[in-house]
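Trainee: I am attaching a structure below and will ask some questions about it afterwards.
There are 2 protein chains.
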Amino acid sequence: MEQNKIPQATAKRLPLYYRFLNNLYQQGKKRVSSKELSEAVKVDSATIRRDFSYFGALGKKGYGYNVEYLLGFFRSTLDQHEITEVALIGVGNLGTAFLKYSFLKNNNIRITKAFDKDPNKVGTEVEGVPIYSIDEMDKHLGHIRVAILAIPASEADAVTDILVKHGIIGILNFTPARITVPKHVRVHHIDFAVELQALVYFLKHYPLEKDE
Amino acid sequence: MEQNKIPQATAKRLPLYYRFLNNLYQQGKKRVSSKELSEAVKVDSATIRRDFSYFGALGKKGYGYNVEYLLGFFRSTLDQHEITEVALIGVGNLGTAFLKYSFLKNNNIRITKAFDKDPNKVGTEVEGVPIYSIDEMDKHLGHIRVAILAIPASEADAVTDILVKHGIIGILNFTPARITVPKHVRVHHIDFAVELQALVYFLKHYPLEKDE
DNA sequence: CTTAAATTGTGAAAAATATCACGACTTTAT
DNA sequence: ATAAAGTCGTGATATTTTTCACAATTTAAG
Ligand SMILES: NC(=O)c1ccc[n+]([C@@H]2O[C@H](COP(=O)([O-])OP(=O)(O)OC[C@H]3O[C@@H](n4cnc5c(N)ncnc54)[C@H](O)[C@@H]3O)[C@@H](O)[C@H]2O)c1
Ligand SMILES: NC(=O)c1ccc[n+]([C@@H]2O[C@H](COP(=O)([O-])OP(=O)(O)OC[C@H]3O[C@@H](n4cnc5c(N)ncnc54)[C@H](O)[C@@H]3O)[C@@H](O)[C@H]2O)c1
């Protein structure tokens, strides 16, 4: 809510930086240069320096960045000190994979509740996460504001309306549908089929670079 | 390989346009305007017209676009007339979900072979797709050039080397690792954890727009 | 202490992407 | 026929993102 000055492109890379800094810290590394980090995350080193610079002077000339300090900085920037709870909507093939995957490891986002409409699933648990009926969202959603949508595309718009009505303001949408939401709701799409088709298109239409 | 003139941002939207045109066609719609399409795919109408214009004059002033014609055009542009086979590497939680999901419906990309290292999985089938040993890739990969990577992050680099050695030139990487590949290989990342964290970050740091 | 090597932070330039806005043409209605 | 409404394609402009390139500074070595 504070500094709206950070470019979106930068904001999207922050979690990535955070993850790799964590790796480095675990490996006991004390310092890192933008060049080294660049090789690890595959982002140009000038871009990394520019990204970091939006938050002030985090490094030291001739030295690089102190891993522990930088990690701590990003931890608070990304609010990693507090746990963010999210809801999973649709416990099918994909949803079940999410629940079985410890999403977190290095981050503080947890799926703590799931919702489905299948009466055979409602009332059960997967990996300790309870599955509630989508019709009883008012009873169970609580303070959760972010939802992962993994239901059939045909249901996407109707279910989105329910989510919005219950106060959801962020949706990670795995369905191929492009859902309609009020302006105060933010939607990010992850669309496997589109990604795969785009990859194939690029391979066929863009010249491959030669190896060195 | 031909027209390198199409901007990457445009290329990434093509599969999306294709999908929605297919929907419209199925619904029996004969024509569509950039404005209508814009509302469906949530892309600004001027952007859509600009995107289309890279391929020539596909529409008619005062009329819009002929759905059937446009669909046919994109079908050939996206090579939807021929089937592209891809390999799945790693038949775990996520990989299994992919196999159970008919990826295709409206597109001509098929997962036809899977590879894993687990001896209990090798030799079995999921949804008709045979699972081979990763150590016997030379015997089974055939002409496949694109792979979906869904193995643990720790294995990503080693397995990528194997893939590249066997002629893979496109990888859709679902692991959190940023893999290193020769220049002639194209990698697209789908990183759930990063997407989710970025979504949460945006919600906290960017002012929400008021609804109209 | 002096010098060479490393590395940041950033102004400036370049590249990529998105949007505005309007002339030209088509369709539809009367 | 004529007028009104709708819509494309695109030059121009705005915005966003990336990259270059170097002065300033720190570290490391002799
Ligand atoms: N499985 C994949 O690999 C994959 C890949 C790409 C995209 N997707 C997309 O992800 C979504 C889910 O895929 P899936 O394979 O898990 O599907 P699925 O059919 O296995 O699961 C869908 C789940 O949603 C539940 N559901 C249906 N309607 C509901 C409603 N109104 N409210 C609450 N729950 C409801 C069903 O009971 C089921 O448990 C789909 O939109 C699919 O297109 C899946
Ligand atoms: N499951 C999810 O929801 C999810 C979400 C985001 C990211 N991911 C990522 O996707 C990847 C796969 O996740 P998952 O949950 O399916 O894991 P998983 O452990 O369920 O499955 C991994 C599969 O890969 C196989 N494998 C391991 N090493 C291999 C090797 N060297 N060669 C071939 N096969 C090998 C294993 O036998 C297993 O079948 C991971 O990198 C994970 O971080 C998963």
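Order-wise, the sequence lines are chains A and B.
The first sequence: position 78 = 78 (my numbering), numbered continuously.
Positions in the second sequence are counted from 1; adding 1000 to them yields my numbering.
Even glycine gets a Cβ: it sits at the ideal position worked out from N, Cα and C.
These numbers come from a predicted model, not from an experiment.
(1) For B/Glu1085, which of helix, strand or coil comes out of DSSP?
(2) Cutting at 8 Å between CB atoms, please list the residues of its own chain near B/Met1001, excluding the five before and the five after it.
(3) At a cut-off of 7 Å, is A/Asp118 close to ligand 1 when judged by its beta-carbon and the heavy atoms of the ligand?
(4) Who are the near neighbours of B/Gly1095 in its chain, counting only those whose CB is closer than 6 Å to its CB and skipping five residues on each side?
(5) Within 10 angstroms of its Cβ, does A/Ile83 collect 16 or more other Cβ (buried), or is it exposed?
(6) What span of residues does the beta strand (DSSP E) with A/Ile131 cover, start to end?
(7) Is A/Lys113 buried or exposed, if buried means 16 or more other CB atoms sit within 10 Å of its CB?
(8) By how many angstroms is the C-alpha of A/Val187 removed from the C-alpha of B/Ser1034?
(9) Verify the contact flag: B/Glu1209, CB atom, against every heavy atom of ligand 2, threshold strictly below 7 Å.
(10) Check this for me: beta carbons of A/Lys210 and B/Glu1209, under 8 Å apart or not?
(11) Return no unless some Cβ of chain B is closer than 8 Å to the Cβ of A/Thr10.
(12) Step through the CB atoms of chain B and report whether any lies within less than 8 Å of the CB of A/Val129.
(13) Between A/His166 and the rest of its own chain, which residues show a CB-CB distance below 7 Å, the 5 nearest in sequence each way excluded?
(14) Does any C-beta atom of chain A lie closer than 8 Å to the C-beta of B/Pro1176?
(15) Go ahead and label A/Thr124 buried or exposed: buried means 16 or more other beta carbons lie within 10 angstroms of its beta carbon, across all protein chains shown.
(16) Does any heavy atom of ligand 2 sit closer than 7 Å to the C-beta of B/Asn1093?
(17) Go through its chain and collect everything with a Cβ distance to B/Leu1058's Cβ below 7 Å, but skip five positions before and after it.
(18) Name the chain B residues that come within less than 8 Å of A/Ala198, Cβ to Cβ?
(19) Have a look at A/Asn108, A/Arg75, A/Lys117 and A/Glu85 and flag the residue whose alpha-carbon is nearest the alpha-carbon of A/Gly92.
(20) How about the region 12-26 of chain A and the region 43-52 of chain A: do they share at least three Cβ pairs that are nearer than 8 Å?
(21) What do you get for A/Asn173, buried or exposed, if any count of 16 or more other CB atoms within 10 angstroms of its CB means buried?
(22) Give every residue of the same chain whose Cβ lies closer than 7 Å to the Cβ of B/Tyr1063, excluding the five residues on either side of it in the sequence, and list them in chain order.
(23) Run down chain A in chain order and give the residues with a C-beta less than 7 Å from the C-beta of B/Val1126.
Mentor: In this structure, then:
(1) strand
(2) Confidence in B/Met1001 is poor, its pLDDT being 48 and thus under 50, which makes the residue's placement unreliable; the coordinate value appears in the next sentence. Counting only Cβ-Cβ distances below 8 Å, and skipping sequence neighbours, we find nothing.
(3) yes
(4) Leu1088 and Ala1150
(5) Counting Cβ neighbours within 10 Å, A/Ile83 comes out exposed, since fewer than 16 surround it.
(6) First-last of the beta strand (DSSP E) with A/Ile131: Val129 to Ser133.
(7) buried
(8) Approximately 22 Å between the Cα atoms of the pair.
(9) Checking the Cβ of B/Glu1209 against ligand 2 gives no.
(10) One thing to note: A/Lys210 has its Cβ no nearer than 8 Å to the Cβ of B/Glu1209.
(11) no
(12) Taking Cβ atoms only, chain B never reaches closer than 8 Å to A/Val129, which makes this a no.
(13) Met137, Asp138 and Leu141
(14) yes
(15) exposed
(16) Flag set: Cβ of B/Asn1093 near ligand 2.
(17) Phe1052, Tyr1065, Leu1070 and Phe1073
(18) Neighbours of A/Ala198 on chain B, chain order: Ala1011, Lys1012, Leu1014, Pro1015 and His1188.
(19) A/Lys117
(20) Between the region 12-26 of chain A and the region 43-52 of chain A there are three or more C-beta pairs closer than 8 Å, enough to call the two in contact.
(21) buried
(22) Arg1031
(23) Those within 7 Å of B/Val1126 in chain A number zero; the least Cβ separation is about 11 Å.
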